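Data block below; observations after.
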Amino acid sequence: MNRFLTSLSTLETLFLISAVLGGIAFLARMVMQFMGGADADADLDAGGLDHDFGSHEAAHHADSDTSFKILTIQGVTGFFMIFGLTGLAFMRATPVGWFFSTVIAFVAGYATLWILGWLTTVMLSLQSSGNVDLRNAIGQEATVYLKIPADGTGQATVCVQDRLRILDAVSQNHEEIPTGRRVQVVDVGEDNVLVVKKS
1353 MNRFLTSLST
1363 LETLFLISAV
1373 LGGIAFLARM
1383 VMQFMGGADA
1393 DADLDAGGLD
1403 HDFGSHEAAH
1413 HADSDTSFKI
1423 LTIQGVTGFF
1433 MIFGLTGLAF
1443 MRATPVGWFF
1453 STVIAFVAGY
1463 ATLWILGWLT
1473 TVMLSLQSSG
1483 NVDLRNAIGQ
1493 EATVYLKIPA
1503 DGTGQATVCV
1513 QDRLRILDAV
1523 SQNHEEIPTG
1533 RRVQVVDVGE
1543 DNVLVVKKS
């Protein structure tokens, strides 16, 4: 090991330091993510580009902002790790020289940064707030679950945001609607009561 370290040029030493520090930080970040200890977020908005640093990149902004976020802590540590490994490998195993080794290392590091940013964006796009807006039921077809009296409240089943819900319902025309009848939701009243009419 000592012989290997002493045989390294200055640039190779820089590549090795980059690979080791980037690799340690990358692995530490991965462990923290799996243990749930990497919740800190920090956003950087510069020149119209929205950059995000954090493990749960823009978790709080996932519903309002799903723009591509390339600069993440995981991405930056991945950049340095791959930059160092690629540069060191090309310097030691190929005759391409320091300039091309550095360029190739930079391209490989940037590709890692981009891929990790893209994966983060894809994962964030899978998130959902879990909130159901019953106004999305307006115009949907529903089925009377519990008879709706002419001047009273029954229940209807309706699919809202891909979820089947059983909700209180009243008749728009003040007519009795029997169980099993197909109806259309025309409004959502107070206390989230559906206003329905016969289809």
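Positions 1353 to 1551 (my numbering) are the ones given, in order, by the sequence shown. Beta carbons are placed, not taken as given, at the ideal position from N, Cα and C, and that holds for glycine. In this text the structure is predicted, and so the values were computed from the model without any measurement.
If you look at Ala1494, you'll find it in the beta strand (DSSP E) that goes Glu1493 to Leu1498. Asp1539 is bridged by DSSP to Val1547.
For Thr1464, there is no enclosing beta strand (DSSP E); the residue is found in the alpha helix (DSSP H) stretching over Gly1449 to Ser1477. Where Ile1369 is concerned, the enclosing alpha helix (DSSP H) starts and stops at Thr1362 to Met1387.
In this structure, DSSP gives Gln1426 a helical state, which the three-state scheme calls helix.
In this structure, the CA atom of Ala1441 is about 11 Å from the CA atom of Thr1454.
If you draw a straight line from the Cα of Ala1457 to the Cα of Thr1424, it comes to about 19 Å. In this structure, Arg1534 keeps its C-beta atom at 8 Å or more from the C-beta atom of Ser1523. DSSP lists Ala1508 as the bridge partner or partners of Leu1519.
Judged by DSSP in its simplified three-state form, Arg1534 adopts strand. For Leu1357, the uninterrupted alpha helix (DSSP H) run begins and ends at Asn1354 to Thr1358, by DSSP.
The beta carbons of Leu1478 and Phe1432 sit about 28 Å from each other, so the pair does not count as a contact at 8 Å. Here the alpha carbon of Thr1495 sits roughly 15 Å from the alpha carbon of Glu1527.
One thing to note: Ala1380 has its Cβ no nearer than 8 Å to the Cβ of Leu1437. Annotated three-state conformation of Ile1529 is strand, per DSSP. Between Gly1427 and Leu1468 the beta-carbon gap is near 4 Å, inside 8 Å, which marks them as a contact. Taking 8 Å as the cut-off, the beta carbon of Thr1464 is found closer than this to the beta carbon of Gly1430.
One alpha carbon belongs to Ile1518, the other to Gln1507, and they sit about 7 Å apart. Around the beta-carbon of Val1448, fewer than 16 other beta-carbon atoms lie within 10 Å, marking it exposed. Shown here, Asn1488 sits in a helix according to DSSP, grouped into three states. Shown here, Ala1502 sits in coil according to DSSP, grouped into three states, outside any helix or strand.
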